[in-house]
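J.: Okay, handing you the structure first.
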Amino acid sequence: MIQQLLATFAPMLLGAQLILTMVLVKGEICPGQRGRVHKMLTPLVVLWLAVASLKIEAFMIAAALGYFYSQVQTGKTREKGPLWLLYLANGLAFAYVGIMVGEQTSIASGANIAIQVLLLGGCFAQLLLVVARSRLQAFQRILPVIGVLAAMLTAITLVVQAYSLSEEALLAISVPTILGMILLISAVVVWCFHLFTTKAVNKGQLGFALVILLIVTVVNQPMFHQVFSLAAF
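Using the working numbering, read the sequence shown as starting at 137 and increasing by one per residue.
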């Protein structure tokens with residue numbers, strides 16, 4: 137179970153890194169916000185180190201991010217730091233996830249991992265921005281919408297993958313798959329809830345949605361790891 141959970145971290149971390157990079161490079165943020173966003177690199181480093189327990193290659197990503205973090209200030213600062221290190225970490229993370237996609241046994245399975253970059257990465261990035269007290273309100277509206285689209289694409293990959301399975305294999309995973317779809321819808325509703333109310337998004341809301349999304353991803357893994365047995369019967 138732990139290995140299955142860790143396997144979902146890489147796409148999530150890649151998505152979060154890319155969004156935080158966009159905020160740091162292109163975002164019009166004050167020195168205080170920049171320092172707080174820099175602090176949010178710490179959980180990324182820790183989680184990449186956890187992923188390295190599965191594949192040691194992830195350690196290079198953690199090292200690049202960690203070195204960038206050591207070169208920037210976490211207080212009020214206008215300095216962007218050595219961005220080439222951040223770009224290097226992003227490139228390594230992109231290559232890592234790209235290899236994951238290439239290792240999959242079907243197009244639907246590979247597409248599902250790519251979609252996790254948007255789904256899990258978007259939710260995690262928004263959580264980090266809220267913790268950092270970012271005032272970039274556009275992200276608070278755009279990221280949930282991206283999450284809805286990513287959830288729809290996830291459902292499509294599940295349907296496509298289902299057509300590739302034998303009837304016996306499909307019956308064996310029907311219950312967890314249905315449960316996963318219910319949880320996916322619930323997570324997206326929680327994630328987008330602030331868009332339908334006057335309340336601001338909060339850490340508890342996003343943290344709860346992210347946990348559900350991670351559970352959904354783990355629950356759906358048997359669907360994509362089934363051996364194609366149509367030809368065998």
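Quick reminder that beta carbons are idealized off the backbone N, C-alpha and C, glycines included.
#1: I'd like the ranges of any alpha helix (DSSP H) spanning at least 4 consecutive residues and lying wholly in the region 185 to 272.
#2: So, is M288 buried or exposed, given that buried needs 16 or more other C-beta atoms within 10 angstroms?
#3: Can you tell which of L320, P167, F360 and L177 has its C-alpha closest to the C-alpha of L154?
#4: Check whether the Cβ atoms of L160 and R170 sit closer than 9 Å, and answer yes or no.
#5: Quick check on I348: buried or exposed, where buried means 16 or more other Cβ atoms within 10 Å of its Cβ?
#6: Would S206 be called buried (16 or more neighbouring beta carbons within 10 Å of its own) or exposed?
#7: Answer yes if the region 139 to 157 comes into contact with the region 183 to 190, meaning at least three C-beta pairs across the two stretches below 8 Å, and no otherwise.
#8: Can you tell me whether T293 is helix, strand or coil according to DSSP?
#9: What does the alpha-carbon distance come out to for the pair I138 and V182?
#10: With contact counted as at least three CB pairs below 8 Å, one residue from each stretch, are the region 309 to 320 and the region 220 to 239 in contact?
T.: Quick answer:
#1: You should have 194 to 206, 219 to 238 and 243 to 267.
#2: As a working note, residue 288 is residue 152 in the sequence shown. Its Cβ having fewer than 16 others within 10 Å, M288 is exposed.
#3: As a working mapping, residue 154 is identified with position 18 in the sequence shown. Considering only alpha carbons, the answer is L177.
#4: Taking the sequence shown and counting its residues from 1, one reaches residue 160 at position 24. Taking the sequence shown and counting its residues from 1, one reaches residue 170 at position 34. Between L160 and R170, the C-beta spacing is below 9 Å.
#5: Position 212 of the sequence shown, counted from the start, is the residue given in the question as residue 348. Per the 10 Å Cβ criterion, buried.
#6: As a working mapping, residue 206 is identified with position 70 in the sequence shown. Around the beta carbon of S206, a 10 Å sphere encloses fewer than 16 other beta carbons of the protein chains shown; the residue is thus reported as exposed.
#7: These segments touch.
#8: By 1-based counting over the sequence shown, the position of residue 293 is 157. Judged by DSSP in its simplified three-state form, T293 adopts helix.
#9: As a first step, residue 138 is located in the sequence shown; it is residue number 2 there, counting from the start. As a first step, residue 182 is located in the sequence shown; it is residue number 46 there, counting from the start. Straight-line Cα distance between these residues: approximately 16 Å.
#10: With a cut-off of 8 Å, the region 220 to 239 and the region 309 to 320 do not count as touching, because too few Cβ pairs lie within range.
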